[in-house]
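Trainee: Next up is a structure, given as structure tokens.
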Amino acid sequence: MRPRTVLDWIAFVLLLVGAFAWAAFVTDVNVLDRALEPIADPLDDVVFVLIGLAGLYWIGRVAVGDRAPRR
Numbered sequence: 017m018r019p020r021t022v023l024d025w026i027a028f029v030l031l032l033v034g035a036f037a038w039a040a041f042v043t044d045v046n047v048l049d050r051a052l053e054p055i056a057d058p059l060d061d062v063v064f065v066l067i068g069l070a071g072l073y074w075i076g077r078v079a080v081g082d083r084a085p086r087r
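At position 34 of the sequence shown (counting the first as 1) the number is 50 in the numbering used here, and the numbers step up by one without a gap.
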């Protein structure tokens, strides 16, 4: 399933960021914490919440499927 709308793309990019963050987490390096800590410490928590919401959005999107008519 491909992203079609702007919201789809934003959620998809957040999912990619989350996937890379989890991959780095396995190696005991929190990439988001290191990248965002100089800016603001709570910012990485906000990004993780957005990643979680993006995941829920895509679960719903995949569960509903393509309901748009094909041309």
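The C-beta atom is built at its ideal place from N, Cα and C for all residues, glycine as well.
Just so it is clear, the structure is predicted and the values come from calculations on it, not from any experiment.
1) Cβ of ALA27 within 8 angstroms of Cβ of ALA70?
2) Buried or exposed for GLY34, please, with buried defined as at least 16 other CB atoms from any protein chain shown within 10 angstroms of its CB.
3) Using a Cβ-Cβ cutoff of less than 8 angstroms, which residues in the same chain neighbour VAL78 once the five nearest sequence positions on both sides are dropped?
4) Let's see if you can read the secondary structure: which residues bound the alpha helix (DSSP H) around ALA79?
5) Rounding to the nearest angstrom, what Cα-Cα distance links ASP49 and GLY76 in this structure?
Mentor: Working from what's here:
1) Position 11 of the sequence shown, counting from 1, holds the residue named residue 27. Position 54 of the sequence shown, counting from 1, holds the residue named residue 70. Yes, the pair counts as a contact, with Cβ atoms nearer than the cut-off.
2) For this step, residue 34 is matched to residue 18 along the sequence shown. Classification of GLY34: buried, given that the 10 Å Cβ count is 16 or more.
3) In the sequence shown, the residue the question calls residue 78 occupies position 62. Once the five neighbours on either side are set aside, the close Cβ partners of VAL78 are MET17.
4) For the purposes of this step, residue 79 is taken as the residue at position 63 of the sequence shown. Element bounds for ALA79: 59–80.
5) As a first step, residue 49 must be located in the sequence shown, where it is residue number 33. As a first step, residue 76 must be located in the sequence shown, where it is residue number 60. Roughly 28 angstroms separates the two Cα atoms.
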